[in-house]
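Enquirer: The structure is given below, and queries will be raised subsequently.
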Amino acid sequence: MQTKFQELKTRLIEVNDINAASGVLHWDQSTYMPPGGATARARQTATLRRISHEKFTDPAIGKLLDALIPYEQSHDYDSYEASLIRLTRRQYERAIKIPANFMAKVATHTSESYQVWTEARPANDFDRVRPYLEKTLEYSRQCANFFPGYDHIADPLIEPRDYGMKAADVSRVFSELRKELVPIVSAITSQRPADDSCLHKHYPEAQQLDFGMEVSKKFGYDLNRGRQDKTHHPFMTKFSLGDVRITTRSKEDSLGEALFCTMHETGHALYEQGINMDFEGTPLARGTSAGVHESQSRLWENIVGRSKGFWKCFYPQLQKTFPEQLETVSIEKFHRAINKVKRSLIRTEADEVTYNLHVMLRFDFELALLEGEMEIKDLPNAWRERFETDFGIVPPDDKDGVLQDVHWYFGLIGGSFQGYTLGNILGAQFYASALEAHPEIPNDIEKGEFNTLHNWLKSNIYQHGSKFTAPELIERATGKPMTITPYINYLKTKYGELYTL
Ligand code: ZN
Numbered sequence: 203m204q205t206k207f208q209e210l211k212t213r214l215i216e217v218n219d220i221n222a223a224s225g226v227l228h229w230d231q232s233t234y235m236p237p238g239g240a241t242a243r244a245r246q247t248a249t250l251r252r253i254s255h256e257k258f259t260d261p262a263i264g265k266l267l268d269a270l271i272p273y274e275q276s277h278d279y280d281s282y283e284a285s286l287i288r289l290t291r292r293q294y295e296r297a298i299k300i301p302a303n304f305m306a307k308v309a310t311h312t313s314e315s316y317q318v319w320t321e322a323r324p325a326n327d328f329d330r331v332r333p334y335l336e337k338t339l340e341y342s343r344q345c346a347n348f349f350p351g352y353d354h355i356a357d358p359l360i361e362p363r364d365y366g367m368k369a370a371d372v373s374r375v376f377s378e379l380r381k382e383l384v385p386i387v388s389a390i391t392s393q394r395p396a397d398d399s400c401l402h403k404h405y406p407e408a409q410q411l412d413f414g415m416e417v418s419k420k421f422g423y424d425l426n427r428g429r430q431d432k433t434h435h436p437f438m439t440k441f442s443l444g445d446v447r448i449t450t451r452s453k454e455d456s457l458g459e460a461l462f463c464t465m466h467e468t469g470h471a472l473y474e475q476g477i478n479m480d481f482e483g484t485p486l487a488r489g490t491s492a493g494v495h496e497s498q499s500r501l502w503e504n505i506v507g508r509s510k511g512f513w514k515c516f517y518p519q520l521q522k523t524f525p526e527q528l529e530t531v532s533i534e535k536f537h538r539a540i541n542k543v544k545r546s547l548i549r550t551e552a553d554e555v556t557y558n559l560h561v562m563l564r565f566d567f568e569l570a571l572l573e574g575e576m577e578i579k580d581l582p583n584a585w586r587e588r589f590e591t592d593f594g595i596v597p598p599d600d601k602d603g604v605l606q607d608v609h610w611y612f613g614l615i616g617g618s619f620q621g622y623t624l625g626n627i628l629g630a631q632f633y634a635s636a637l638e639a640h641p642e643i644p645n646d647i648e649k650g651e652f653n654t655l656h657n658w659l660k661s662n663i664y665q666h667g668s669k670f671t672a673p674e675l676i677e678r679a680t681g682k683p684m685t686i687t688p689y690i691n692y693l694k695t696k697y698g699e700l701y702t703l
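In the working numbering, the protein residues as written are 203 to 703.
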């Protein structure tokens with residue numbers, strides 16, 4: 203039995219290595235590759251993806267999994283052995299249900315659709331992407347139908363990113379949150395907006411990047427197992443537990459850009475760097491879901507990085523780095539500026555309060571499209587109407603409306619957005635539990651000390667990798683299922699100090 207388990211592990215590590223090689227190619231493409239490399243790179247990535255899929259869906263893996271059932275049952279549920287077999291079986295059973303030729307068709311379609319979108323968005327031309335999007339919706343439904351027996355057609359599409367959450371669960375949590383959030387947004391936006399002009403002076407890039415990296419190291423990012431490079435759309439990527447990289451972007455007329463991108467991606471990287479090293483090379487060695495991953499980026503970026511306590515320690519250093527720009531700006535003014543709330547058109551630029559309304563709009567539209575309640579041709583108008591209801595502003599064009607996010611143009615429709623808001627909710631829930639265990643955390647943060655918080659997150663979340671599903675992990679770490687209460691309390695306390703709520 204031991205040898206069969208070893209054989210399974212060897213095969214999984216091979217698949218992992220091919221995926222890691224794809225990861226390096228993707229990282230290179232997004233950071234240093236000259237544009238001329240694009241065509242060949244797309245081909246190389248597709249080749250690796252095909253080989254990895256073939257290897258993972260090899261019937262030999264299915265046979266090993268069957269043979270290992272008694273071995274799995276003889277180990278505890280949370281043991282390494284049982285967890286690896288359980289997770290592999292779940293992923294294997296999903297992977298073999300999607301035919302290889304379907305995957306190839308979708309890959310070709312999405313790369314064409316992406317290409318058209320890159321031209322259609324600046325031209326504000328929804329009609330150009332419309333036939334592609336219609337095809338994407340058809341593929342999304344087909345994909346869901348490889349998994350008959352679902353409660354909602356979106357469930358099989360949500361599953362690979364947020365396993366254990368169904369459309370109905372997400373909808374319920376979102377509608378509870380919406381009820382609380384709408385009055386907070388109206389209360390804040392009816393008051394005089396924060397003045398954030400202090401962030402929009404000239405800030406040289408090199409100092410911005412250095413400062414961000416100093417903060418990242420303080421949070422606990424291990425540069426012996428990581429590095430930061432520049433890119434257009436920041437992301438975190440991992441080639442092994444010994445090589446977890448982040449990327450950032452900067453704007454010399456906007457101080458927040460690089461700094462908060464770095465903090466955000468550092469949160470993702472701390473999660474991956476904190477995984478038990480024994481899991482290296484196996485499917486256990488990654489964060490368990492999109493929502494839990496995003497909870498870590500949001501926790502470090504927003505709950506820590508935009509808090510008054512954090513800046514009590516770091517603002518004097520920031521002023522020293524940019525004396526001309528910040529000497530006369532008080533910490534109160536700076537804190538208000540980095541927490542400015544405003545109704546805006548673009549999701550990725552939204553503040554932490556209004557952000558969730560952007561996500562809910564997209565999530566609801568995904569469900570309506572998949573259910574057949576809404577057609578692709580209706581999207582631009584539906585977007586404008588819903589935006590006016592939720593934000594009180596009408597997007598002047600489709601470029602900054604329905605065309606703004608890459609997700610639907612470079613992948614399937616369904617399951618792509620809910621993780622962002624689940625992350626906001628969960629970040630606050632985890633942080634509240636860490637505070638219960640260690641009430642000294644806010645004092646530590648004011649001293650620029652993050653070890654207690656980092657260690658709590660490591661032992662309750664990070665080390666487990668994908669051993670537990672998100673619902674299991676949340677219950678273990680916080681003693682209850684996902685709840686919006688800590689997040690609402692966090693928003694009310696923080697924004698109650700900045701505005702009259
Ligand atoms: Zn993120």
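Just so it is clear, CB atoms sit at the ideal spot from N, CA and C, and this is done for glycine as well.
These numbers come from a predicted model, not from an experiment.
Check for me: the beta strand (DSSP E) holding methionine 684 runs from which residue to which?
Expert: Unbroken run through methionine 684: none, as it is neither H nor E.
Enquirer: Leaving out five residues before and five after alanine 378 in sequence, what residues of the same chain have Cβ atoms less than 7 Å from its Cβ?
Expert: Sequence inspection shows glutamate at residue 378; the alanine mentioned does not correspond to that position. Contacts found: Ile686.
Enquirer: When DSSP labels each residue in this structure, what does valine 604 get in the three-state scheme?
Expert: Coil at valine 604, not helix or strand.
Enquirer: Give me the residue from Gly603, Tyr664, Gly469, Thr490 with the minimum Cα distance to glutamate 503.
Expert: Nearest C-alpha to glutamate 503: Gly469.
Enquirer: Roughly how many angstroms lie between the CA atoms of alanine 240 and proline 362, to the nearest whole one?
Expert: About 28 Å.
Enquirer: So, leucine 501 versus leucine 659, is the Cβ gap smaller than 9 Å?
Expert: In contact: leucine 501 and leucine 659 (Cβ atoms closer than 9 Å).
Enquirer: Please report the straight-line C-alpha distance between histidine 354 and valine 318, rounded to a whole angstrom.
Expert: About 30 Å.
Enquirer: For phenylalanine 441, which of helix, strand or coil comes out of DSSP?
Expert: If DSSP states are grouped into helix, strand and coil, phenylalanine 441 belongs with the strands.
Enquirer: Find the nearest neighbour of aspartate 480 within the set Leu693, His666, Met562, Gly681, judged by alpha-carbon distance.
Expert: The shortest Cα separation from aspartate 480 among Leu693, His666, Met562, Gly681 belongs to His666.
Enquirer: Select from Glu416, Glu577, Gly483, Gln498 the residue whose C-alpha is nearest the C-alpha of alanine 460.
Expert: Ranking Glu416, Glu577, Gly483, Gln498 by Cα distance to alanine 460 puts Glu416 first.
Enquirer: Do glycine 625 and the ligand ZN come close, with the Cβ less than 8 Å from some heavy atom?
Expert: Under cutoff, so the answer is yes.
Enquirer: Can you look up isoleucine 448 in the DSSP assignment and give me helix, strand or coil?
Expert: Strand.
Enquirer: Does the Cβ-Cβ distance between alanine 487 and isoleucine 477 come in under 9 Å?
Expert: Their beta carbons are under 9 Å apart, which means alanine 487 touches isoleucine 477 by this criterion.
Enquirer: Is glutamate 674 near the ligand ZN - that is, is its Cβ less than 8 Å away from at least one heavy atom of it?
Expert: Not so, every heavy atom of the ligand ZN lies at least 8 Å from the Cβ.
Enquirer: Report all residues for which the CB-ligand distance to some heavy atom of the ligand ZN is below 6 Å; order them along the chain.
Expert: Result (chain order): His466, His470, Glu496, Ser499.
Enquirer: Return the chain-ordered list of same chain residues with a C-beta closer than 6 Å to the C-beta of lysine 465, the five sequence neighbours on each side being excluded.
Expert: The residue you asked about is not lysine; residue 465 is methionine in the sequence shown. The answer, listed in chain order, is Trp502, Glu503, Gly507.
Enquirer: For the putative contact between tyrosine 622 and isoleucine 390, defined by C-beta atoms under 8 Å, what is the C-beta separation to the nearest angstrom?
Expert: Actually they do not touch by this definition, with Cβ atoms about 20 Å apart.
Enquirer: Can you tell me the Cα-Cα spacing of leucine 695 and glutamine 631, whole angstroms?
Expert: According to the sequence displayed, residue 695 carries threonine and not leucine. Approximately 14 Å between the Cα atoms of the pair.
Enquirer: Residues in the same chain with beta-carbon distance under 7 Å from phenylalanine 670, minus the five sequence neighbours each way, listed in chain order, please.
Expert: Cβ neighbours of phenylalanine 670 beyond the five flanking positions: Thr490, Arg678.
Enquirer: Report the residue from Pro385, Tyr473, Arg380 whose alpha carbon sits nearest the alpha carbon of aspartate 424.
Expert: Per the Cα distances, Tyr473.
Enquirer: Using C-beta distances below 7 Å, list every residue in its chain close to tyrosine 405, excluding the 5 sequence neighbours before and after it, in chain order.
Expert: Excluding residues within five positions, the ones whose Cβ falls inside 7 Å are Glu454, Leu457, Phe524, Gln527.
Enquirer: Return the CA-CA distance between alanine 202 and glutamate 283, expressed in angstroms with no decimal places.
Expert: An answer regarding residue 202 cannot be provided, because it is not within the stretch 203 to 703 covered by the chain.
Enquirer: Would you check if the distance between the CB atom of phenylalanine 441 and the CB atom of valine 226 is smaller than 9 Å?
Expert: Yes, the Cβ-Cβ distance between phenylalanine 441 and valine 226 is below 9 Å.
Enquirer: Using a 10 Å radius around the Cβ and a threshold of 16 neighbouring Cβ atoms, would you call glycine 351 buried or exposed?
Expert: Answer is exposed; the Cβ neighbour count stays below 16.
Enquirer: Looking only at C-alpha atoms, which of Leu335, Tyr341, Gln208 sits nearest to valine 604?
Expert: Measuring from the Cα of valine 604, the nearest candidate turns out to be Leu335.
Enquirer: Quick check: the stretch 585–596 against the stretch 525–544, are at least 3 beta-carbon pairs closer than 8 Å?
Expert: The answer is no - the stretch 585–596 does not touch the stretch 525–544, with fewer than three Cβ pairs under 8 Å.
Enquirer: Using CA atoms only, rank isn't needed, just tell me which of Gly617, His560, Phe567, Pro641 is closest to aspartate 602.
Expert: The option with the nearest alpha carbon to aspartate 602 is His560.
Enquirer: With which residues is serine 456 paired in a DSSP beta bridge?
Expert: Per DSSP, Lys453.
Enquirer: Compute the Euclidean distance between the alpha carbons of glutamate 274 and serine 281, then round it to the nearest angstrom.
Expert: Roughly 9 Å between the two C-alpha positions.
Enquirer: Specify the secondary structure class of aspartate 431 as computed by DSSP and reduced to three states.
Expert: DSSP places aspartate 431 in strand when its eight states are reduced to three.
Enquirer: What are the start and end residues of each continuous alpha helix (DSSP H) run of 4 or more residues lying completely inside the stretch 507–531, in chain order?
Expert: Complete alpha helix (DSSP H) runs here, min 4: 510–523, 525–528.
Enquirer: Return the chain-ordered list of same chain residues with a C-beta closer than 8 Å to the C-beta of threonine 259, the five sequence neighbours on each side being excluded.
Expert: Contacts found: Tyr294, Ala297, Ile298, Ala302.
Enquirer: Over the uninterrupted alpha helix (DSSP H) stretch that includes methionine 415, give me the two end residues.
Expert: Note, methionine 415: alpha helix (DSSP H), 407–421.
Enquirer: Hey, would you say leucine 706 sits closer than 9 Å to phenylalanine 207, going by beta carbons?
Expert: Residue coverage of the chain in this structure runs from 203 to 703, which leaves residue 706 outside it and unanswerable.
Enquirer: Report buried or exposed for threonine 439, applying the criterion of at least 16 other Cβ atoms within 10 angstroms of its Cβ.
Expert: Answer is buried; the Cβ neighbour count reaches 16.
Enquirer: Cutting at 7 Å between CB atoms, please list the residues of its own chain near glutamate 529, excluding the five before and the five after it.
Expert: Gln521.
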